[in-house]
Amino acid sequence: MVSRLVLVLGDQLSHDLSALRAGDRARDLVVMAEVMDEGSYVPHHPKKIALVLSAMRHFADELRADGWQVAYTRLDDAGASRSIVGELMRRGEAHGTSEVIATQPGEWRLIEALEAAPLTVTQLPDDRFICSLEEFDAWAEGRRELRMEYFYREMRRKTGFLMEDGKPAAGKWNFDHDNRKPARVDMLRARPMRFAPDAITKEVLDLVADRFGGNFGDLRPFWFGVTAAQAKRALDHFARELLAGFGDYQDAMLAGDRFLHHSVLSPYLNIGLLTPWEICTRVVEEWTAGRVPINAAEGYVRQVIGWREYMRGLYFREGPGYVRRNALGHGRALPAMYWGAPTKMNCVSQAIEQTQKESYAHHIQRLMVTGNFALLAGIDPAEVHEWYLSVYADAFEWVEAPNVIGMSQFADGGIVASKPYVSSGNYIAKMSDYCASCAYSVKAKTGDLACPFNLLYWDFLVRHRDRFGRNPRMGPIYRTWDRMDAERHHAVRDGAAAVLARLDAGDEV
Ligand code: FAD
Ligand code: SF4
C-alpha cells in the first residue's frame with residue numbers, strides 16, 4: 010500500500026533532495042518519468058537528452074539499492090503519458106493516492122503545471138543551493154541596483170569560503186583583473202575527464218538516436234559522466250589538472266581547444282550530481298594546499314557561489330514573464346547559422362561547431378561571440394533564449410534565462426547587466442586566435458572585408474543612443490563615434506545595413 014508519491018525530476022538527482030528527505034521509504038513511492046513533453050518542449054541537443062535520461066536511470070537504480078520503491082517510466086513504455094503531471098496521475102490512480110511530495114522545479118512552466126494538477130502536491134523548497142529564495146529576496150529588497158559583486162560578498166561571508174578572520178583571503182574580494190589573458194595552444198593541456206558509456210547509457214543512446222536523431226547536435230561520441238561518483242572524479246581531475254590556469258585563461262578562446270581550463274562541471278551540478286558546497290570545498294582545498302593561485306580559486310568560487318546563485322535568485326524573483334522581456338524591442342529571426350548553416354565568421358563558426366559536437370561552449374564564447382552577435386544584430390531575445398535552452402547540456406531555465414535574457418541580450422532592461430555586453434571584433438581578436446583564419450578582416454572597419462562585428466557594433470550603439478547615450482560608462486564610446494567624420498559614419502551604417510539585409514534574406518554572412 011502506497012501512501013504518497015515522491016516526485017524526482019531529471020535535474021533533481023541528489024540523494025538529499027528535499028522531497029526524498031520528506032518521504033518515507035516504507036510507505037511512499039518514488040515516481041521518475043521520461044516523458045515526451047519534457048524531451049520536446051524545445052529541440053534539445055541529443056547529448057543533453059542522453060545525459061539526463063541515463064543519469065535518471067542510474068539514479069533510480071541507486072534509490073532502489075537504497076531501499077526505495079521506484080516507479081520509473083521509460084520514454085518507450087507502452088501506455089506512458091506525455092507529461093509529468095500525466096504520469097503522476099497514472100501512478101496515483103494505480104496506487105490509490107493523490108498526494109504528491111515534490112521539490113520545487115527549476116522552471117516556472119513546471120511549477121505552474123504542478124500547481125494546476127488535480128492532485129494534492131506539496132512543493133518543497135529546493136535547498137541544494139547556498140542561498141534560499143527568501144534570503145535572496147531579503148538581500149534584493151529595497152536596493153536600487155542588484156549588483157552581483159555585493160551579493161557575492163554576502164555569500165563569501167555566509168559560506169566562509171576564502172575568508173580569513175572575517176576578511177577576504179589574500180586581501181581582496183575579487184581578482185578578476187588578473188583573469189584576462191589570451192591563451193596559447195598547448196598540446197599538453199589536460200582535457201575534461203571522459204567516461205566510456207556503460208550498458209545503460211548505450212541503451213539510452215540508441216533510444217535518443219531513434220527519437221531525437223533529427224535534433225541539432227551530435228549524439229556520439231558521448232562521454233559525459235552519468236553518476237555522482239563519476240561527477241566527483243571529474244571534479245577531482247579538474248581540481249588537480251586544470252584549476253591552476255582557470256583564472257588566467259578564463260576569458261580566452263582558441264580554435265581547436267574547446268575547453269581550455271574550464272571545468273565542464275555545470276552539466277553535473279545542474280542535474281544534482283554535484284553540489285556547490287562540494288565543488289567549492291575542493292577548490293578552496295587546492296588553494297589552501299598552495300597548489301593553485303588565488304586568482305584561480307577566487308575566480309572559480311565567484312562563478313559558483315556568486316553568479317550561479319545570483320542568477321537563480323533573479324529568475325525566481327522576476328517571475329514567469331521574465332523570459333518574454335524584450336527591452337530593446339528586437340525582432341529579427343535567429344539566423345540559420347545558429348543551427349549549423351555555414352557562416353564566414355570564423356569565431357561564430359567555431360563556437361557553433363563545438364556546440365553542435367559537444368553540447369558545450371564556454372562562457373566567453375556564449376557571451377562575446379554568439380550572444381554578442383545576436384544582440385548586435387537585433388535578434389528576438391525569445392528566439393535567442395530558446396536556442397540556448399536547447400543546445401547546451403547544462404541549460405535549465407532558472408540559470409539559462411537570466412544569462413541570456415539578462416546578461417547577454419539586455420532584454421530585461423539592465424537588471425543583470427548595467428550596460429550591454431557588446432563589443433566590436435577587437436575584443437575577439439584580443440582574446441582568441443579566431444581572426445587569423447577568418448574570411449573577414451578584424452582590422453577593416455568598413456568595406457566588403459570588414460568584420461561584421463565592427464560594423465554592427467557601431468550600428469547597435471547608434472540605434473540605441475536614446476537608451477545608452479546617457480549611461481556614464483558608455484559616454485566615452487559615444488564620444489569616439491562622434492569624433493568620426495560623416496563619411497565614416499555612412500560607410501559603417503551602410504555596411505551594417507548590408508550585413509543585416511543578408512541575414513534577413515537568409516544569405517550567408
Ligand atoms: P566554468 O567556466 O568552469 O565555471 C565554473 C562554474 O561556474 C560553472 O560550472 C557554472 O556552474 C558556474 N558559472 C559560471 N558562470 C556562470 C553564470 N554566468 N551563471 C551561472 N553559473 C555560472 N550556465 C549554465 O549552467 N546553464 C546555462 O544554460 C547557461 N547559459 C548561458 C548562456 C549565456 C548566453 C551565457 C553568457 C552564459 C550561460 N551560462 C549558463 C553560464 C556559463 O557560461 C556556464 O555556466 C559555463 O560556461 C559552464 O561551463 P563550465 O562548467 O566549464 O564552467
Ligand atoms: Fe570573428 Fe570578426 Fe575575427 Fe572574423 S574577423 S573571427 S568575424 S571577430
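Numbering follows my numbering, in which position 348 of the sequence shown is assigned residue number 357; successive positions increment by one, without gaps.
The beta-carbon is built from N, C-alpha and C at its ideal position, and this holds for glycine as well.
Opening and closing residue of the alpha helix (DSSP H) in which M45 lies: M45 to S49
Residues bridged to Y430 [DSSP beta-bridge criterion]: For Y430, which the question treats as bridged, DSSP gives no partner whatsoever.
DSSP state of P127 mapped onto helix, strand, coil: coil
C-beta contact flag for Y449 and M354 at 8 Å: yes
R311 burial status per 10 Å Cβ neighbour count (16 or more: buried): buried
Cβ-Cβ separation, L228 to L216 (assumed contact under 8 Å), whole Å: 10 Å between Cβ atoms; not a contact.
Cβ pair count under 8 Å reaching 3, the region 231–248 against the region 195–205: yes
Boundaries of the alpha helix (DSSP H) in which I139 is found, first to last residue: No alpha helix (DSSP H) holds I139; DSSP gives it neither H nor E.
Test item: CB-CB of A42 and I93 under 8 Å: yes
Assigned secondary structure, Q78 (DSSP; H/G/I helix, E/B strand, else coil): strand
Cβ-based neighbour list, P329, same chain, cut-off 6 Å, excluding 5 preceding and 5 following: W117
Identified DSSP bridge partners for S450: A459
L252 vs A178 beta-carbon contact at 8 Å: no
The region 317–329 in contact with the region 139–149 per 3-pair CB rule at 8 Å: yes
Rounded Cβ spacing between L38 and Q78 (contact assumed at less than 8 Å): 5 Å
M157, DSSP secondary structure in three states: helix
Best match in A500, I314, A404 and F477 for proximity to S141 [C-alpha to C-alpha]: I314
Proximity test, W396 beta-carbon vs the ligand FAD heavy atom, cut-off 7 Å: no
Beta-carbon separation (whole angstroms), L269 vs L244, contact threshold 8 Å: Not really, about 17 Å apart at Cβ, beyond 8 Å.
For V332, the three-state DSSP class (helix, strand or coil): helix
Classification of H186 by the beta-carbon crowding that lies within 10 angstroms, buried from 16 upward: exposed
Minimum C-alpha distance to L512 - residue among C460, R341 and R242: R341
Proximity test, G380 beta-carbon vs the ligand FAD heavy atom, cut-off 7 Å: yes
Touch test, the region 426–438 against the region 451–464, Cβ-Cβ under 8 Å, three pairs minimum: yes
S27, buried or exposed, once every other Cβ within 10 Å from all chains shown has been counted against 16: buried
Pairwise C-alpha distance: V130 and R83: 23 Å
For D503, the nearest candidate out of C447, R488 and T455 (CA to CA): T455
The ligand FAD heavy atom lying under 7 Å from the CB of L171: no
DSSP-derived helix/strand/coil call for D266: strand
Environment of S446 [buried if 16+ CB atoms lie within 10 Å]: exposed
Where L16 falls: helix, strand or coil (DSSP): strand
heavy atom of the ligand FAD below 7 Å from L385 C-beta: no
The ligand FAD heavy atom lying under 7 Å from the CB of H271: yes
Distance between S441 and R193 (C-alpha atoms, nearest Å): 9 Å
Proximity test, Y258 beta-carbon vs the ligand FAD heavy atom, cut-off 7 Å: no
Rounded C-alpha distance that separates M493 from P461: 18 Å
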